[in-house]
Amino acid sequence: FLDGTPDGHLDLPRARAGGLAGGFFAVFVPSPGPAPSRQAVMTSDGYDVPYAEPVPPEQALATTMALTARLSRIEAASAGRVRVVRCVEDLRDCLNENRLAAILHFEGAEAIDQDLNTLEVFYQAGLRSLGLVWSRPNAFAHGVPFRFPHSPDTGPGLTDAGRALVRACNRLGILIDLAHLNERGFFDVARLSEAPLVVTHTAVHALSPSSRNLTDRQIDAVGASGGVIGLNFSVYDLRPDGRNVAATPLDLMVRHIDYLVERIGIDHVAFGSDFDGTAIPSTLGDVTGLPHLLEALRRAGYDEDALRKIAFENWLRVLQATWR
Numbered sequence: 127f128l129d130g131t132p133d134g135h136l137d138l139p140r141a142r143a144g145g146l147a148g149g150f151f152a153v154f155v156p157s158p159g160p161a162p163s164r165q166a167v168m169t170s171d172g173y174d175v176p177y178a179e180p181v182p183p184e185q186a187l188a189t190t191m192a193l194t195a196r197l198s199r200i201e202a203a204s205a206g207r208v209r210v211v212r213c214v215e216d217l218r219d220c221l222n223e224n225r226l227a228a229i230l231h232f233e234g235a236e237a238i239d240q241d242l243n244t245l246e247v248f249y250q251a252g253l254r255s256l257g258l259v260w261s262r263p264n265a266f267a268h269g270v271p272f273r274f275p276h277s278p279d280t281g282p283g284l285t286d287a288g289r290a291l292v293r294a295c296n297r298l299g300i301l302i303d304l305a306h307l308n309e310r311g312f313f314d315v316a317r318l319s320e321a322p323l324v325v326t327h328t329a330v331h332a333l334s335p336s337s338r339n340l341t342d343r344q345i346d347a348v349g350a351s352g353g354v355i356g357l358n359f360s361v362y363d364l365r366p367d368g369r370n371v372a373a374t375p376l377d378l379m380v381r382h383i384d385y386l387v388e389r390i391g392i393d394h395v396a397f398g399s400d401f402d403g404t405a406i407p408s409t410l411g412d413v414t415g416l417p418h419l420l421e422a423l424r425r426a427g428y429d430e431d432a433l434r435k436i437a438f439e440n441w442l443r444v445l446q447a448t449w450r
């Protein structure tokens, strides 16, 4: 990571080349068995991926510990070039000092026990952002399966343990990520949480009817809470046909941003790349392509003040309102 790699979308040299100042560095625990994408059933108008299996708690904890330790080792070996940030002041320091800011994020809460003891421990280790689910069920909530076209209304809402987890995250100042969460769970969090609603990587259901994307009602709820929506770079969730087409134009990403801005305002829209987690447009290629996206937005009429909000200021505002 520190010296560069030909693999994936992101490493430190490419982050600097693309102007990436920081991001959510996700710990993800794969489900047992084959990857869901390998089980996808293509349909006449999209796809249907079987619901991923739950992860055994002991496997989730072991994998999460190992990956959290890996991020700590990267920070230690970076000679100050990478910093795991724990507060907004840390984040601002990284922006001013040209260090890559890494927010420790869990994509799914499987490593958290229902007594929430591990939540406290991981908070002390730097956890500042938690996705309640990936696209599978766990003890706290139900994620949406990968389906297209499909509604995000795919199952029950939060469990009692899930509600306790939301309250604990509010108390500690951990950002709650609603990406991958089904619709009922989303609105359970909206009713319960005291923090702005955040969806780190998603897109507009009205433009691309993926189960992973937000309906207008969900979009409105994020805006009303003072929250932020990070636009996913995934071609599956951007395209109106849900297909994996590398030649997906950046103008389609602009269209999703336009929709969000027109509906809830520029203060609630941001980038949510999902680098190394999905297929992205070839015009971007990897993190070094971020300037191409900014230029596409300029051509669409976004001025520099608007671009600063989308690129980083909206994230800073929401983190300031959430972290303790």
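Just so you know, we're using this note's numbering here: the sequence shown kicks off at 127 and counts up by one. Cβ coordinates follow ideal geometry from the N, Cα and C atoms, glycine included.
Quiz item: With which residues is A396 paired in a DSSP beta bridge?
Solution: The sequence position of residue 396 within the sequence shown is 270, counting from 1. G356.
Practice problem: Write down the C-beta distance between L217 and L442 rounded to the nearest angstrom, noting that I regard them as a contact closer than 8 angstroms. | Solution: Against the sequence shown, residue 217 aligns to sequence position 91. Against the sequence shown, residue 442 aligns to sequence position 316. About 7 angstroms; that satisfies the 8 angstroms criterion.
Quiz prompt | Paired residues, beta bridge with G269 - DSSP | solution = If you number the sequence shown from 1, residue 269 lands on position 143. G269 is bridged to L307.
Self-check item: Within 9 angstroms, strictly: CB atoms of G148 and I229
Solution: The sequence position of residue 148 within the sequence shown is 22, counting from 1. The sequence position of residue 229 within the sequence shown is 103, counting from 1. Yes, Cβ-Cβ distance for G148 and I229 is below 9 angstroms.
Exercise. For Q240, collect the residues of the same chain with a Cβ closer than 7 angstroms to its Cβ; drop the 5 residues on either side in sequence, then sort them by chain order.
Key: Counted from its first residue, the sequence shown places residue 240 at position 114. So the list reads A265 and A287, once near-sequence residues are dropped.
Quiz item: Can you tell me the Cα-Cα spacing of V247 and D137, whole angstroms?
Solution: Residue numbering aside, residue 247 sits at position 121 when the sequence shown is read from its first letter. Residue numbering aside, residue 137 sits at position 11 when the sequence shown is read from its first letter. Each residue's alpha carbon lies about 28 angstroms from the other.
Quiz item: In whole angstroms, what separates the C-alpha of P275 from that of G269?
Solution: As a working mapping, residue 275 is identified with position 149 in the sequence shown. As a working mapping, residue 269 is identified with position 143 in the sequence shown. Computed Cα separation, rounded: 16 angstroms.
Quiz item: Can we say the segment 170 to 187 touches the segment 207 to 225, given the rule of at least three CB pairs closer than 8 angstroms?
Solution: no
Self-check item: R196 classed as buried or exposed, judged by whether at least 16 other C-beta atoms fall within 10 angstroms
Solution: Locating residue 196 in the sequence shown gives position 70, where the first residue counts as 1. Exposed.
Practice problem: Mark R140 as exposed unless 16 or more other C-beta atoms lie within 10 angstroms of its C-beta, in which case mark it buried. | Solution: Your numbering for residue 140 matches position 14 in the sequence shown. By the neighbour-count rule (16 or more Cβ atoms within 10 Å), R140 is buried.
Quiz prompt | Closer than 8 angstroms: D129 CB and nearest the ligand ATP heavy atom | solution = With respect to small molecules bound, the structure shown includes none, and the ligand ATP cannot be examined in it.
Quiz prompt | Straight-line gap, Q165 to L256 (C-alpha atoms, nearest Å) | solution = In the sequence shown, residue 165 corresponds to position 39, counting from 1. In the sequence shown, residue 256 corresponds to position 130, counting from 1. Going by the C-alpha atoms only, they are around 27 angstroms apart.
Practice problem: Quick one: residues in its chain with C-beta nearer than 7 angstroms to the C-beta of C295, no 5 flanking neighbours on either side, listed in chain order? | Solution: Reading the sequence shown from its first residue, position 169 is the one you call residue 295. Here the set comprises L256 and I302.
Quiz item: Distance, Cα to Cα, N308 vs V181?
Solution: Taking the sequence shown and counting its residues from 1, one reaches residue 308 at position 182. Taking the sequence shown and counting its residues from 1, one reaches residue 181 at position 55. Those two C-alpha atoms are separated by around 18 angstroms.
Practice problem: Using three-state DSSP, classify Y173 as helix, strand or coil. | Solution: In the sequence shown, counting from the first residue as 1, residue 173 sits at position 47. Here Y173 sits in strand by DSSP.
Quiz item: Can you tell me whether L410 is buried or exposed, with buried defined as 16 or more other CB within 10 angstroms of its CB?
Solution: Indexing the sequence shown from 1 puts residue 410 at position 284. Buried.
Practice problem: Please list, in chain order, all residues of the same chain as A373 whose beta carbon is under 7 angstroms from its beta carbon, the five residues on each side excluded. | Solution: The residue labelled residue 373 in the question sits at position 247 within the sequence shown. Closer than 7 angstroms at the Cβ level, and outside the excluded window around A373, lie S408.
Self-check item: Selected residue, minimal CA-CA separation from F150, among L433, T326 and D393
Solution: Counting from 1 along the sequence shown, the entry for residue 150 is found at position 24. With distances taken between Cα atoms, F150 lies closest to T326.
Quiz prompt | Spatial distance of E430 from P160 (CA atoms) | solution = Here residue 430 refers to the residue found at position 304 of the sequence shown. Here residue 160 refers to the residue found at position 34 of the sequence shown. Each residue's alpha carbon lies about 45 angstroms from the other.
Quiz item: Are the CB atoms of I383 and G349 nearer to each other than 9 angstroms?
Solution: Working through the sequence shown from its first residue, we reach residue 383 at position 257. Working through the sequence shown from its first residue, we reach residue 349 at position 223. Cβ atoms of I383 and G349: not closer than 9 angstroms.
Exercise. Look at the Cβ atom of T328, then the Cβ atom of D363, and state whether they are nearer than 9 angstroms.
Key: In the sequence shown, counting from the first residue as 1, residue 328 sits at position 202. In the sequence shown, counting from the first residue as 1, residue 363 sits at position 237. Yes; because the gap between Cβ atoms is below 9 angstroms, this pair is in contact.
Self-check item: 7 angstroms Cβ shell around R225 - same chain, five flanking residues per side excluded
Solution: Residue 225 sits at position 99 when you count from the first residue of the sequence shown. G206, R207, V208 and R209.
Quiz prompt | 7 angstroms Cβ shell around I200 - same chain, five flanking residues per side excluded | solution = Residue mapping note: residue 200 aligns to position 74 of the sequence shown, counting from 1. Contacts found: F127, L128 and V208.
Quiz prompt | Which of helix, strand or coil DSSP assigns to S408 | solution = Walking along the sequence shown from the start, residue 408 turns up at place 282. If DSSP states are grouped into helix, strand and coil, S408 belongs with coil.
Exercise. Note the first and the last residue of the continuous beta strand (DSSP E) segment covering G149.
Key: Your numbering for residue 149 matches position 23 in the sequence shown. Start and end: G148 to V153.
Quiz item: Would S163 pass as a contact of V153 if the rule is Cβ separation under 9 angstroms?
Solution: Here residue 163 refers to the residue found at position 37 when the sequence shown is read from its first residue. Here residue 153 refers to the residue found at position 27 when the sequence shown is read from its first residue. Not a contact, by the Cβ cut-off of 9 angstroms.
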